[in-house]
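With mature numbering (1 follows the signal peptide of the UniProt record, and there is no 0) as the guide, the letters of the sequence shown map in order to residues -17 to -1, 1 to 135.
The block underneath contains the structure these notes are about, expressed in structure tokens.
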Amino acid sequence: MKKIIFLTVFLTLVGCAAVPSKTPEKSQSKNTTETEDQDLAATLTALFGQSITPDPQEIEKYPLGSAENPVRASGPSGQRRYLSRLICDNGEAVSAFSREGSAGIGPYGSIMDAYVVICDTNKGVVNHTLYMDMYHSNYEETRPAQGFKALK
């Protein structure tokens, strides 16, 4: 019964977030996106009963792109931009990438996505799994994830 109530509340919140605003459209400012991020954090805290305070020094101990140190991005388009800029170890751009699904709550307190990134090499196809957190407005990662040579 608790699961049904939880699912109903969650879907209601998601549905409310998807309803377009009837107020005049304004340009999105940093304050607006920060408020949205704070609202998301408050919703996650209400749903899961805990608030996560990220420890950047602890997170940086893990390889970039791991579940313990996901690549931060600004929305789904930021995720795709980052993935399309990756350079494989052989110096070639990635062949393909696809979202595998949600991967739970990450160290920043928001839901992570898991992506499979494919590199074609002279030794065959290499699949990498990268974890990404798209809830970082106006953030663009400048470092390549572990297993990649660089970003274009």
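Glycine is no exception: its CB is placed at the ideal position from the N, C-alpha and C atoms.
Remember, predicted model here, so these are calculated numbers, not experimental data.
Would you report the Cα separation of residue i and residue j, rounded to the nearest angstrom?
i: residue 11; j: residue 111; result: Unreliable positioning characterises residue 11 in this predicted model, as indicated by a pLDDT of 48, which lies under 50. The coordinate reading is nonetheless provided below. For residue 11 and residue 111, the distance between alpha carbons rounds to 35 Å.
i: residue 129; j: residue 46; result: 6 Å
i: residue 80; j: residue 54; result: 15 Å
i: residue 91; j: residue 75; result: 31 Å
In the DSSP assignment, the alpha helix (DSSP H) including residue i goes from what residue to what residue?
i: residue 58; result: 58 to 68
i: residue 43; result: No alpha helix (DSSP H) holds residue 43; DSSP gives it neither H nor E.
Hey, would you say residue i sits closer than 8 Å to residue j, going by beta carbons?
i: residue 57; j: residue 121; result: yes
i: residue 125; j: residue 134; result: yes
i: residue 77; j: residue 100; result: yes
i: residue 105; j: residue 73; result: yes
i: residue 87; j: residue 116; result: no
For residue i, which option in the options has the closest C-alpha, if you only look at C-alpha atoms?
i: residue 69; options: 37, 98, 35 and 118; result: 98
i: residue 85; options: 107, 102 and 118; result: 118
i: residue 71; options: 107, 115 and 123; result: 107
i: residue 59; options: 91, 95 and 44; result: 95
i: residue 61; options: 43, 44 and 123; result: 123
Hey, could you find the ends of the beta strand (DSSP E) residue i is sitting in?
i: residue 134; result: 131 to 134
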